[in-house]
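Here the working numbering is used: position 70 in the sequence shown is 72, and no number is missing along the way.
Note that CB positions come from ideal geometry on N, CA and C, so glycine has one too.
These figures come from a predicted structure and were not determined experimentally.
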Amino acid sequence: MKSKKLHLVSLGCTKNLIDSEVMLGRLKDYEIIDDASAADLIIVNTCGFIESAKEESLNTIFNLHDQRKDSSVLVMAGCLSQRYKDELSNELQEVDIFTGVGDYDVIDELVEQKRSQFSPKVFLANDEVQRVVTNSNYHAYIKLSEGCNQSCAFCAIPLFKGKLYSRTLESVRKELTSLVNQGFYDFSFVSQDSSSYLRDHGINDGLEQLIDLIDSIEGIKSARILYLYPSTTTKKLIKKIANSKVVHNYFDMPLQHISQNMLKVMKRGKGSDKIKELLDEMKKVPNAFIRSTFIVGHPGESEEDFEELKNFVKEFKFDRANVFSYSDEEGTSAIKSKQKIDAKIIDKRAKELGKIIAKSTKESLKKEVGKVVDVVVDGISDEHEFLLSAKELLWAPEIDGEILINDKDIDEEIVYGKIYQAKITEMVGDKLLGTILKG
Numbered sequence: 003m004k005s006k007k008l009h010l011v012s013l014g015c016t017k018n019l020i021d022s023e024v025m026l027g028r029l030k031d032y033e034i035i036d037d038a039s040a041a042d043l044i045i046v047n048t049c050g051f052i053e054s055a056k057e058e059s060l061n062t063i064f065n066l067h068d069q070r071k072d073s074s075v076l077v078m079a080g081c082l083s084q085r086y087k088d089e090l091s092n093e094l095q096e097v098d099i100f101t102g103v104g105d106y107d108v109i110d111e112l113v114e115q116k117r118s119q120f121s122p123k124v125f126l127a128n129d130e131v132q133r134v135v136t137n138s139n140y141h142a143y144i145k146l147s148e149g150c151n152q153s154c155a156f157c158a159i160p161l162f163k164g165k166l167y168s169r170t171l172e173s174v175r176k177e178l179t180s181l182v183n184q185g186f187y188d189f190s191f192v193s194q195d196s197s198s199y200l201r202d203h204g205i206n207d208g209l210e211q212l213i214d215l216i217d218s219i220e221g222i223k224s225a226r227i228l229y230l231y232p233s234t235t236t237k238k239l240i241k242k243i244a245n246s247k248v249v250h251n252y253f254d255m256p257l258q259h260i261s262q263n264m265l266k267v268m269k270r271g272k273g274s275d276k277i278k279e280l281l282d283e284m285k286k287v288p289n290a291f292i293r294s295t296f297i298v299g300h301p302g303e304s305e306e307d308f309e310e311l312k313n314f315v316k317e318f319k320f321d322r323a324n325v326f327s328y329s330d331e332e333g334t335s336a337i338k339s340k341q342k343i344d345a346k347i348i349d350k351r352a353k354e355l356g357k358i359i360a361k362s363t364k365e366s367l368k369k370e371v372g373k374v375v376d377v378v379v380d381g382i383s384d385e386h387e388f389l390l391s392a393k394e395l396l397w398a399p400e401i402d403g404e405i406l407i408n409d410k411d412i413d414e415e416i417v418y419g420k421i422y423q424a425k426i427t428e429m430v431g432d433k434l435l436g437t438i439l440k441g
């Protein structure tokens, strides 16, 4: 039995989660526990993307500090820590060790020496790094790159993550092969801008080469690529995804807006007409699943711009989407704008767009009723102890929904993490119900 106990909280995006899994890999001598008050080591991998994420990170630090025992060590890592390293290091007396986005692979050394450190280069996990994949026995996230070469007016990520820095295909191949050998068969590929993968190596079709690689590895049964960027996504790439035998027709492209005026103000690098062409190309793909995100209340967004966005989202009917309220971020060009929107108007717009998105999500779910689809059962549902929680294999974990399995046509016990064919029988509220047909 391991004598030392670790409580880790990973906040923000799935890219952060991968870095948290690297830290767990470096701290294998610790037993991972849910009770922070019993932990010898507490790590918070923070998010510094938007104002609400910053508040969540700081509140988590304060809450864990209140719970922890006197002898424990509290570590603040990640994006928020990196972005405000000088201010936080001076002001947060609650934290014992500060580190940013460059030292995940030496966290064990920093803890042993009780030393803070901020390396100048962003850490990017590769095939040589041992991760402890969390929350699944069949699915893993794979980070393709760090940093970003885009210059969106509202985004501070390049300020503390730097320019695009891609892993090699060989590095990705080795990690995938290792994970397949451990029993993983479903993968989600992530980065700040996945469609720019390998462009820093002078390769413009890096993602297409990645798809060929995925298709070539025996044991990968399911894959999806997240975070395509409009200006680096091409019709050729869409066709490549459509023709893949393993990569799902899953198109996740954060658009942020559709008004030509706002796309220019937000420095998105792609015009409204070109974006619509790409979306139309995606919709032509059989069984396409299209997800996006939007920002409302960005400086300069007129009522006409917002109405155009609302009408577009209503007509296009995305399968899933998220809406974010604009918040000022230090160091961005948007913060200097003299055309700021009142907070009450921003909240009102977010609610309006949110209702439209909720309706289109419900319509997308309803279309599944009557279909026979591949699902993976994850365990007992939080809804009821007699229901099993499953997701359609096409969907990304945790963000795209849940199918409640309430019946089966097979005699054997259901195995968690195994792929089954299921018929979606009905929709109750916003939940789909399904029957397992065969394994």
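Problem set entry | Status (buried if at least 16 other CB within 10 Å, exposed otherwise) for residue 6 | In the sequence shown, residue 6 corresponds to position 4, counting from 1. Exposed is the label assigned to residue 6, since fewer than 16 other Cβ atoms lie within 10 Å of its Cβ.
Exercise. How should residue 386 be labelled, buried or exposed, when 16 other C-beta atoms within 10 angstroms of its C-beta is the threshold for buried?
Worked result: As a first step, residue 386 must be located in the sequence shown, where it is residue number 384. The residue is exposed, with fewer than 16 neighbouring Cβ atoms inside 10 Å.
Exercise. On the three-state DSSP scale, how would you describe residue 323?
Worked result: Indexing the sequence shown from 1 puts residue 323 at position 321. DSSP places residue 323 in strand when its eight states are reduced to three.
Problem set entry | N-terminal and C-terminal residue of the alpha helix (DSSP H) that residue 25 is part of | For the purposes of this step, residue 25 is taken as the residue at position 23 of the sequence shown. Looking at the DSSP string, the run of the alpha helix (DSSP H) that includes residue 25 is 16-28.
Exercise. How would you write the range of the alpha helix (DSSP H) that residue 264 sits in, first residue to last?
Worked result: On the sequence shown, position 262 is the one that residue 264 refers to. From DSSP, the alpha helix (DSSP H) with residue 264 extends over 262-267.
Problem set entry | Buried versus exposed call for residue 63 [16 or more other C-beta atoms within 10 Å across all chains shown] | Position 61 of the sequence shown, counted from the first residue, corresponds to residue 63. Buried: at least 16 other Cβ atoms inside 10 Å.
For this session: On the DSSP bridge assignment, give the partners of residue 295 in chain order.
Result: What you label residue 295 is simply residue 293 of the sequence shown in a count that begins at 1. In the DSSP output, where bridge partners are listed per residue, residue 295 has 324.
Exercise. Does DSSP put residue 1 in a helix, in a strand, or in coil?
Worked result: Since the first and last residues shown for the chain are 3 and 441, residue 1 lies out of range.
Exercise. What is the residue span of the alpha helix (DSSP H) that residue 162 lies within?
Worked result: Here residue 162 corresponds to residue number 160 of the sequence shown, with the count starting at 1. That run of the alpha helix (DSSP H) goes 159-163.
For this session: Assign residue 246 to one of three DSSP states: helix, strand, or coil.
Result: As a first step, residue 246 must be located in the sequence shown, where it is residue number 244. Looking at residue 246 - three-state DSSP - the assignment turns out to be coil, as it is neither helix nor strand.
Exercise. To which residues does DSSP link residue 258 through a beta bridge?
Worked result: Here residue 258 corresponds to residue number 256 of the sequence shown, with the count starting at 1. Paired residue(s): 296.
Exercise. When DSSP labels each residue in this structure, what does residue 409 get in the three-state scheme?
Worked result: Along the sequence shown, read from residue 1 onward, the residue named residue 409 stands at position 407. Three-state DSSP puts residue 409 in a strand.
For this session: Mark residue 345 as exposed unless 16 or more other C-beta atoms lie within 10 angstroms of its C-beta, in which case mark it buried.
Result: In the sequence shown, the residue the question calls residue 345 occupies position 343. Residue 345 comes out exposed.
Problem set entry | Environment of residue 4 [buried if 16+ CB atoms lie within 10 Å] | To locate residue 4, count along the sequence shown from 1; it is residue 2. Answer is exposed; the Cβ neighbour count stays below 16.
Exercise. So what's residue 229 in DSSP terms, helix, strand or just coil?
Worked result: In the sequence shown, residue 229 corresponds to position 227, counting from 1. If DSSP states are grouped into helix, strand and coil, residue 229 belongs with coil.
Problem set entry | Limits of the alpha helix (DSSP H) - the one that residue 113 falls within | What you label residue 113 is simply residue 111 of the sequence shown in a count that begins at 1. First-last of the alpha helix (DSSP H) with residue 113: 109-115.
For this session: Check whether the region 368-387 touches the region 293-310, counting contact only when three or more Cβ pairs, one atom from each stretch, lie closer than 8 Å.
Result: Contact fails: fewer than three Cβ-Cβ distances are below 8 Å.
Exercise. For residue 47, which residues does DSSP report across the bridge?
Worked result: Counted from its first residue, the sequence shown places residue 47 at position 45. DSSP lists 12 and 79 as partners of residue 47.
Exercise. Exposed or buried, which one is residue 65 when buried takes at least 16 other CB atoms within 10 Å?
Worked result: Against the sequence shown, residue 65 aligns to sequence position 63. Per the 10 Å Cβ criterion, exposed.
Exercise. Where does the unbroken beta strand (DSSP E) through residue 382 begin, and where does it stop?
Worked result: Stepping through the sequence shown from its first residue, residue 382 is reached at position 380. Per DSSP, residue 382 belongs to the beta strand (DSSP E) from 374-382.
Exercise. Of all the alpha helix (DSSP H) runs that stay within the bounds of the region 120-180, which reach a length of 4 or more residues?
Worked result: 159-163
Problem set entry | residue 43 versus residue 79 - alpha carbon distance | What you label residue 43 is simply residue 41 of the sequence shown in a count that begins at 1. What you label residue 79 is simply residue 77 of the sequence shown in a count that begins at 1. The straight-line gap from Cα to Cα measures roughly 13 Å.
Exercise. What are the partner residues of residue 190, as DSSP defines its beta bridges?
Worked result: If you number the sequence shown from 1, residue 190 lands on position 188. Residue 190 pairs with 143 and 226.
Problem set entry | Meets three-Cβ-pair contact criterion under 8 Å: the region 51-61 and the region 113-130 | Because the criterion of three Cβ pairs below 8 Å is not met, the region 51-61 and the region 113-130 do not touch.
Exercise. Roughly how many angstroms lie between the CA atoms of residue 28 and residue 109, to the nearest whole one?
Worked result: As a working note, residue 28 is residue 26 in the sequence shown. As a working note, residue 109 is residue 107 in the sequence shown. Each residue's Cα considered, the two are about 7 Å apart.
Exercise. What residue from 357, 331, 141 and 332 has the CA that sits closest to residue 320's CA?
Worked result: Counting from 1 along the sequence shown, the entry for residue 320 is found at position 318. Among 357, 331, 141 and 332, the Cα nearest to that of residue 320 belongs to 357.
Exercise. Pick from 137, 161, 422 and 97: whose alpha carbon is nearest that of residue 124?
Worked result: Along the sequence shown, read from residue 1 onward, the residue named residue 124 stands at position 122. For the residues 137, 161, 422 and 97, the minimum Cα distance to residue 124 belongs to 161.
For this session: Write down the C-beta distance between residue 8 and residue 33 rounded to the nearest angstrom, noting that I regard them as a contact closer than 8 Å.
Result: Counted from its first residue, the sequence shown places residue 8 at position 6. Counted from its first residue, the sequence shown places residue 33 at position 31. Going by Cβ atoms, the distance from residue 8 to residue 33 rounds to 7 Å, so yes, they are a contact pair.
Exercise. At what residues does the alpha helix (DSSP H) containing residue 365 begin and finish?
Worked result: One-based indexing of the sequence shown puts residue 365 at position 363. Note, residue 365: alpha helix (DSSP H), 345-368.
Problem set entry | Which listed residue (361, 281, 163 and 285) has its alpha carbon closest to that of residue 86 | The count along the sequence shown starts at 1 and reaches residue 86 at position 84. Here the closest residue by C-alpha is 163.
Exercise. Using CA coordinates, which residue listed in 228, 327 and 328 is at the minimum distance from residue 402?
Worked result: Translated into the one-based positions of the sequence shown, residue 402 becomes position 400. If we check each option's Cα against that of residue 402, 228 comes out closest.
Problem set entry | Residues sharing a beta bridge with residue 236, DSSP | Taking the first residue of the sequence shown as 1, we reach residue 236 at position 234. None; residue 236 has no bridge partner.
Exercise. Is residue 436 helix, strand or coil when you go by DSSP?
Worked result: The sequence position of residue 436 within the sequence shown is 434, counting from 1. Looking at residue 436 - three-state DSSP - the assignment turns out to be strand.
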